[in-house]
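J.:
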Amino acid sequence: MRGADQEETGVTLTTTPWDGVLRYISARQLYDLPLTVVVGISYAEQLARTDSDARVYLWRAAAASFVLLLVVAALGRMSWQLALSRKRAVSEQVEHAKQVEYLAYHDGLTGLPNRSLFSKLLQQGIQQARRHERQLAVLFLDLDRFKHINDTLGHEAGDQLLQEVARRLRACVRASDTAARLGGDEFVVMLPELAEATYAGAVAQKMIAMLAKPFVLLGQEFRVTGSVGIATHPQDGADEQTLTKNADIAMYKAKEMGKNNFQFYSEEMNHESLERLALESSLRRALENEEFVLFYQAKRDLGSGLVTGMEALLRWQHPELGLVPPMKFIPVAEQSGLIASIGKWVLRTACAQNVTWQREGLPRLSMAVNLSALQFFDSHLLDDVASILAATGMDPELLELEITEIMLMQDVPRTLRILTALKRLGVHIAVDDFGVGYTTLTSMQQFPLDTIKIDRTFIRDVASVAEDKALTEAIIAMGKSLSVTVVAQGVETKAQVDFLREHACDELQGFYFNRPVAAREFGDVLRAQAAAPVVTEIAAHLTKKRA
Numbered sequence: 011m012r013g014a015d016q017e018e019t020g021v022t023l024t025t026t027p028w029d030g031v032l033r034y035i036s037a038r039q040l041y042d043l044p045l046t047v048v049v050g051i052s053y054a055e056q057l058a059r060t061d062s063d064a065r066v067y068l069w070r071a072a073a074a075s076f077v078l079l080l081v082v083a084a085l086g087r088m089s090w091q092l093a094l095s096r097k098r099a100v101s102e103q104v105e106h107a108k109q110v111e112y113l114a115y116h117d118g119l120t121g122l123p124n125r126s127l128f129s130k131l132l133q134q135g136i137q138q139a140r141r142h143e144r145q146l147a148v149l150f151l152d153l154d155r156f157k158h159i160n161d162t163l164g165h166e167a168g169d170q171l172l173q174e175v176a177r178r179l180r181a182c183v184r185a186s187d188t189a190a191r192l193g194g195d196e197f198v199v200m201l202p203e204l205a206e207a208t209y210a211g212a213v214a215q216k217m218i219a220m221l222a223k224p225f226v227l228l229g230q231e232f233r234v235t236g237s238v239g240i241a242t243h244p245q246d247g248a249d250e251q252t253l254t255k256n257a258d259i260a261m262y263k264a265k266e267m268g269k270n271n272f273q274f275y276s277e278e279m280n281h282e283s284l285e286r287l288a289l290e291s292s293l294r295r296a297l298e299n300e301e302f303v304l305f306y307q308a309k310r311d312l313g314s315g316l317v318t319g320m321e322a323l324l325r326w327q328h329p330e331l332g333l334v335p336p337m338k339f340i341p342v343a344e345q346s347g348l349i350a351s352i353g354k355w356v357l358r359t360a361c362a363q364n365v366t367w368q369r370e371g372l373p374r375l376s377m378a379v380n381l382s383a384l385q386f387f388d389s390h391l392l393d394d395v396a397s398i399l400a401a402t403g404m405d406p407e408l409l410e411l412e413i414t415e416i417m418l419m420q421d422v423p424r425t426l427r428i429l430t431a432l433k434r435l436g437v438h439i440a441v442d443d444f445g446v447g448y449t450t451l452t453s454m455q456q457f458p459l460d461t462i463k464i465d466r467t468f469i470r471d472v473a474s475v476a477e478d479k480a481l482t483e484a485i486i487a488m489g490k491s492l493s494v495t496v497v498a499q500g501v502e503t504k505a506q507v508d509f510l511r512e513h514a515c516d517e518l519q520g521f522y523f524n525r526p527v528a529a530r531e532f533g534d535v536l537r538a539q540a541a542a543p544v545v546t547e548i549a550a551h552l553t554k555k556r557a
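In terms of the numbering used here, the sequence shown opens at residue 11 and continues consecutively.
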C-alpha cells in the first residue's frame with residue numbers, strides 16, 4: 011500500500027483521525043474529502059482555532075507595534091537629549107567665555123574692575139569729558155599699614171580687609187562712578203561728569219571717613235587709615251597714564267603729610283616725586299657704597315652727669331647732596347622696602363662699635379638702636395638680632411632696642427610675643443616717644459619693658475606749659491610704678507633740666523649736653539669721662555658748661 015501510493019503520487023501522508031486510528035492515504039485523495047475529515051476537527055473548532063490564531067497575531071502585532079513605539083520614543087529621547095546636550099554645551103561655552111572675559115577685566119578677590127578695565131574706562135571717560143567739555147577726577151587710595159596687618163594676621167585676614175574696603179568703597183561713589191582695585195592695597199576711583207574739583211575732595215573725605223570705622227578681622231577690631239591723592243582732567247593730565255601717575259604722586263604726598271588725609275596734585279609734587287625717585291635710586295646704592303654713617307648721642311644720669319649709654323642715629327653721607335637728614339630719606343626707605351636692609355646694617359654697625367670701645371678699655375655702656383615698624387614685625391627679627399649679637403660679640407645686656415609707643419599698641423598680642431622673645435635673648439627694651447599714645451598704666455604693665463623715653467614735644471615746654479608739666483610728671487610717676495628707667499628726650503635748656511631733676515627723672519638726652527656726633531668724637535667723650543674724676547652732681551657739669 012505505502013509503495014503503491016508513493017508510485018502513484020510520490021507522497022505518502024499519515025493522518026491521525028479523531029478515533030486515533032492511523033491511516034495512510036495519498037495526497038490526491040485529500041482533494042475529495044471534506045475539510046473536517048482532512049484536518050480532523052469540526053467547523054466550530056476550526057473557527058475557534060482561527061479566532062485564537064487571529065488574537066495571537068493581533069497580540070504579536072500589538073507587541074511589535076509597542077516595541078517599535080518604544081524604539082521610536084527612545085530614539086526621539088536620544089535625539090532630544092543630544093540636542094539638549096548641544097544646547098548646554100553651547101551655553102557653557104558662552105558662559106565660560108563670559109567668565110573668562112569677566113576675570114580678564116575684574117579683580118578676583120573684590121569683584122571690582124581691575125587695572126586693565128579701569129584703564130579702558132578712564133580712556134573712554136576722558137574722551138567723553140573732552141567731547142562735552144567737562145572735568146574728570148581720578149582718586150588714588152592706598153591703605154596705611156596694610157603690610158603690617160597682612161604680616162601680623164596672615165593673608166586670609168588681609169584678603170578679608172581688602173574685600174570689606176571694596177564693599178565700603180562702592181558705597182562711597184555714585185552709580186556713574188568707577189571704583190577699581192589696581193593690586194595689593196591700591197584702589198582707584200574715577201569721577202566722570204565732575205561739576206567742580208571740590209566734589210572730588212568731598213568724595214576723598216568720605217573715603218577716609220569710611221575707613222575710620224573699625225574692621226573686624228578674625229574676631230578682633232582693627233582700625234585702618236588711608237591716604238588719597240587726587241588728579242583732575244584736564245588740569246593735571248590729558249591722558250590716562252598721566253592722570254593716574256599724578257594721582258599716585260598726590261597720594262604719596264598725603265602719606266608724607268602724616269597719612270589719613272587727601273591731597274590734590276600740584277606741579278610742585280611732581281618735582282618732589284622726581285626727587286624721591288632719584289633718592290630711592292641713590293638709596294639702593296648707598297649700602298653698597300658705604301655711604302651710611304652712625305652718629306651717637308649720649309644719655310646722662312641726672313644725678314651724676316655721667317654718660318650711661320648712647321643712642322645710635324642713622325645719617326646718610328650723600329656724595330652730591332651732603333649729609334641727608336633721616337626725616338628725608340627714612341620715609342623713602344620704608345616705602346621702597348629698603349628699610350629692612352638698612353635697619354640690619356644699623357644694628358650690626360652699632361653693636362660692632364660698642365664692642366670696639368669696650369676692647370679699648372672704655373666703660374661698658376648700653377647701646378640703643380631704633381627699630382622701624384617694618385623691622386620690628388618682620389618674621390626674621392629674632393634671627394637677625396641673635397646672629398648679629400653672635401657675629402659681633404656684643405653683650406645682649408648692653409643692647410637696648412627702641413620701639414615707639416604707637417608700635418607697642420598696634421597689635422598687643424603679637425607685640426607681647428616679640429618682646430618676650432627678645433627678652434629671652436637678653437636684650438633690653440625701650441619705648442620711644444612715650445606719651446603721644448596716652449597708654450594707660452594697666453596697658454603698660456603687661457609688657458616686659460626696661461626704659462620709657464618721654465616724647466620731646468612734652469619736654470619742649472615742660473617748664474612753662476601746665477599741661478606738659480602734668481603729663482611729664484605723670485609719665486615719671488608711671489615709670490616709678492613700673493620700675494623702669496625714665497629718660498627725657500630733647501632736653502635743651504637749664505629750665506627743663508631743673509624741672510626734670512625736681513621730679514626725679516632718671517636720665518636726660520638732648521642738645522643741652524651732647525649733640526649727635528660721629529664715632530670718633532663720641533669715643534673722645536667716653537675717654538674724657540674715663541679719665542676725669544667722678545662728678546657727683548649735675549650742677550657741677552652745668553657750671554662747667556656755662557663757664
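Where a beta carbon is used, it is the ideal one built from N, C-alpha and C, also for glycine.
How about the region 513-527 and the region 301-312: do they share at least three Cβ pairs that are nearer than 8 Å?
T.: yes
J.: Looking at the secondary structure, which residues open and close the alpha helix (DSSP H) in which E262 lies?
T.: Note that residue 262 corresponds to Tyr in the displayed sequence, not to Glu. Here the alpha helix (DSSP H) through Y262 covers E250 to E266.
J.: Under a Cβ-count criterion, where at least 16 other Cβ atoms within 10 Å of its own Cβ denotes burial, should E250 be classed as buried or exposed?
T.: E250 comes out buried.
J.: Counting only the same chain and skipping the five closest in sequence on each side, list residues whose C-beta sits under 7 Å from that of D246.
T.: L253, N256 and Y275
J.: I need the DSSP call for R374, collapsed to helix, strand or coil.
T.: coil
J.: What is the DSSP secondary structure of Y522, counted as helix, strand or coil?
T.: coil
J.: Classify K338 as buried or exposed, calling it buried when 16 or more other Cβ atoms lie within 10 Å of its own Cβ.
T.: exposed
J.: Do A167 and L179 have their CB atoms nearer than 8 Å?
T.: no
J.: So does the region 376-383 actually touch the region 339-355, counting three or more Cβ pairs closer than 8 Å?
T.: Three or more pairs of CB atoms, one per stretch, sit closer than 8 Å, so the region 376-383 contacts the region 339-355.
J.: Start and end of the beta strand (DSSP E) containing T235?
T.: Per DSSP, T235 belongs to no beta strand (DSSP E) and is neither H nor E.
J.: Give every residue of the same chain whose Cβ lies closer than 6 Å to the Cβ of A176, excluding the five residues on either side of it in the sequence, and list them in chain order.
T.: T120 and L122
J.: A540: buried (16+ other C-beta within 10 angstroms of its C-beta) or exposed?
T.: Exposed.
J.: For W198 versus M217, is the C-beta distance shorter than 8 Å?
T.: Sequence inspection shows Val at residue 198; the Trp mentioned does not correspond to that position. Contact: no.
J.: Taking 6 Å as the limit between beta carbons, can you name the residues of its chain near D442, skipping five residues before and five after?
T.: E412, T414 and K463
J.: Using 8 Å as the threshold, is the C-beta distance between V234 and L293 below it?
T.: no
J.: Whole-angstrom Cβ separation of L297 and M200, contact assumed at under 8 Å?
T.: Their Cβ separation, rounded to whole angstroms, is 40 Å, which puts L297 and M200 out of contact at 8 Å.
J.: Could you name the residues that DSSP lists as bridge partners for T414?
T.: D442
J.: Based on the DSSP secondary-structure assignment, which residues constitute the bridge partners of A190?
T.: V198
J.: For L492, which residues of its own chain have a beta-carbon under 8 Å away from its beta-carbon, when the five flanking residues on both sides are left out?
T.: Excluding five sequence positions before and after L492, the CB atoms of its chain that fall closer than 8 Å to its own CB belong to L451, M454, Q455, L459 and I462, given in chain order.
J.: Quick check on the burial criterion: 16 or more other C-beta atoms within 10 angstroms. Buried or exposed for A538?
T.: exposed
J.: List the residues that DSSP assigns as beta-bridge partners of E576.
T.: In this structure the chain extends from 11 to 557, so residue 576 is not present and cannot be described.
J.: Work out the CA separation of N524 and E321 for me, nearest whole Å.
T.: 11 Å
J.: Terminal residues of the continuous alpha helix (DSSP H) containing K463?
T.: No alpha helix (DSSP H) contains K463, which is instead part of the beta strand (DSSP E) from T461 to I464.
J.: Suppose the cutoff is 7 Å on Cβ atoms and the five residues either side in sequence are ignored; what does the same chain contact list for L228 look like?
T.: Counting only residues of its own chain and dropping the five nearest sequence neighbours on each side, L228 has a CB closer than 7 Å to the CB of L163 and A167.
J.: Is it buried or exposed, V507, if we count other Cβ atoms within 10 angstroms and call 16 or more buried?
T.: buried
J.: Could you tell me whether the Cβ atoms of T318 and L372 are closer together than 8 Å?
T.: no
J.: Would you identify the three-state DSSP class for A114, choosing helix, strand or coil?
T.: helix
J.: Report the partner residues of P123 according to the DSSP bridge assignment.
T.: H116
J.: With DSSP as the reference, identify every bridge partner of V183, one or two as the case may be.
T.: Answer is none; V183 lacks a bridge partner.
J.: Take the Cβ of M267 as the centre, count every other Cβ of all protein chains shown within 10 Å, and call the residue buried at 16 or more, exposed below.
T.: Flag for M267 reads exposed.
J.: What's the C-alpha gap between M88 and V148?
T.: 58 Å
J.: Report the partner residues of D394 according to the DSSP bridge assignment.
T.: In DSSP, D394 forms no bridge with anything.
J.: Where do the N-terminal and C-terminal ends of the alpha helix (DSSP H) with G332 fall, by residue?
T.: Looking at the DSSP string, G332 is not in any alpha helix (DSSP H); the run it does join, the beta strand (DSSP E), is G332 to V334.
J.: Where does V104 sit, in a helix, a strand or coil, going by DSSP?
T.: helix
J.: So for A241, helix, strand or coil by DSSP?
T.: strand
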